[in-house]
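Take the sequence shown: its position 12, counting from 1, is numbered 22 in the working numbering, and each next residue is one higher.
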Amino acid sequence: MDSAFSLDDLDQIYILVPRDFESGTVNLPVSHMSDKQFRDWITAKCEIEGISMIVPEGRIGLETRLNMLNRLSQNGVKIYKLGG
């Protein structure tokens, strides 16, 4: 298994998500996603991958996002980052 992601990696992991306030999608680093964008993405990703994870309501801080991404990675989900 690859080593765990760090907080700095959240600026290098990009995810295509729906825009919050207009139509279309946008490719954002995890660190810049809104809480809703991250919540919707991680919930869908867990469902697709068959991973059980409690996704918090409200604010999802960077440390929580990092822990959730590392949990996906530990369960065999491929997560790619720029330069890595």
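For each residue, glycine too, the CB sits at the ideal point set by N, CA and C. Note that the structure is predicted; figures quoted are calculated from it, not measured.
Asked, Found
"Starting from the Cα of Val27, find the closest Cα among Thr35, Ile52 and Glu59 and give me that residue.", "Thr35"
"How is the beta strand (DSSP E) around Ile99 delimited, first residue to last?", "Limits of the chain in this structure are 11 at one end and 94 at the other, which puts residue 99 out of reach."
"Could you give the uninterrupted runs of the alpha helix (DSSP H) lying entirely in the stretch 39-85, keeping only those of 4 residues or more?", "45-59 and 72-84"
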